[in-house]
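Report on the structure given below.
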Amino acid sequence: MGMMQDKVVAITGGGRGIGREVALMMAAEGAKVMVNDLGTGLHGEGADQGPASEVAAEIQAAGGTAGFNTNDISSKEGAENLVAAAVNEFGSIDAVVNNAGILRDTIFHKMEEADWNAVINVNLNGCYNVARAAAPYFKEQELGVFVHMTSVSGLIGNFGQANYASAKMGVAGLSRSIAIDMA
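Those letters in the sequence shown? Residues 1 to 183, by my numbering.
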């Protein structure tokens, strides 16, 4: 029996990279995994259900339990639909891993508002939206786990990443505040 046996976990950005590895590890530990990924490129362009469905299929092929979801978590509705999909498919929600993120690196004095907003919307607002959608379930159960991915860029900044650094520092503050509010 694994550490996550029969726990239900929704993972954003679960189709590639770190999110994919988290999804596979959670499933290997017995979790029922809802893999969410819009399937965009690193800069947020396009959409493809392939990454999310492929990770879910890989989990199932290994004997695990998984579903996939391609909702855009940068919107309240998309995040609510993700959490509802996990609850509808698996009967509950025990944890959310907010891993989805994009980059639009541009030196600050040349950064366009669209690049600022796109990164904030996915990296920070997406984290808020998913956490907020899961919070009522966690409160009712008196148990739930929020895992929010952030970056050292949020603490020290990085060249061409004013948008990304701001979003990631926001995630750190959001995480601390959620911990206080949900206690």
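Even for Gly, the Cβ is constructed at its ideal location relative to N, Cα and C. All values reported here derive from a predicted model rather than from experimental measurement.
- Proximity of the region 53–64 to the region 102–116 falls short of the contact definition, fewer than three beta-carbon pairs being nearer than 8 Å.
- Positions of the beta strand (DSSP E) runs, each at least 3 residues long and wholly inside the region 79–106, are given as 95–98 in order along the chain.
- DSSP places Gly39 in the coil class of the three-state scheme, outside both helix and strand.
- Under the DSSP assignment, Ile11 falls in the beta strand (DSSP E) whose first and last residues are 8–12.
- If you look at Val145, you'll find it in the beta strand (DSSP E) that goes 145–148.
- Annotation for Asn117: the continuous alpha helix (DSSP H) segment containing it runs 113–119.
- For Val87, the closest alpha carbon among the candidates Gly157, Gln161, Lys32 is that of Lys32.
- Inclusion of Ser151 and Lys139 in the CB contact set at 8 Å is not warranted, their separation being larger than that value.
- By the Cβ neighbour-count rule, Arg176 is exposed, with fewer than 16 other Cβ atoms within 10 Å of its own.
- Collapsing the DSSP output to three states places Ala28 in a helix.
- Judged by DSSP in its simplified three-state form, Gly67 adopts strand.
- By the Cβ rule, the region 20–32 does not count as touching the region 157–171, because fewer than three pairs are nearer than 8 Å.
- Contact between the region 119–129 and the region 75–83 is present: three or more C-beta pairs spanning the two stretches fall below 8 Å.
- The three-state secondary structure of Met182, taken from DSSP, is helix.
- The DSSP-derived three-state label of Met3 is coil.
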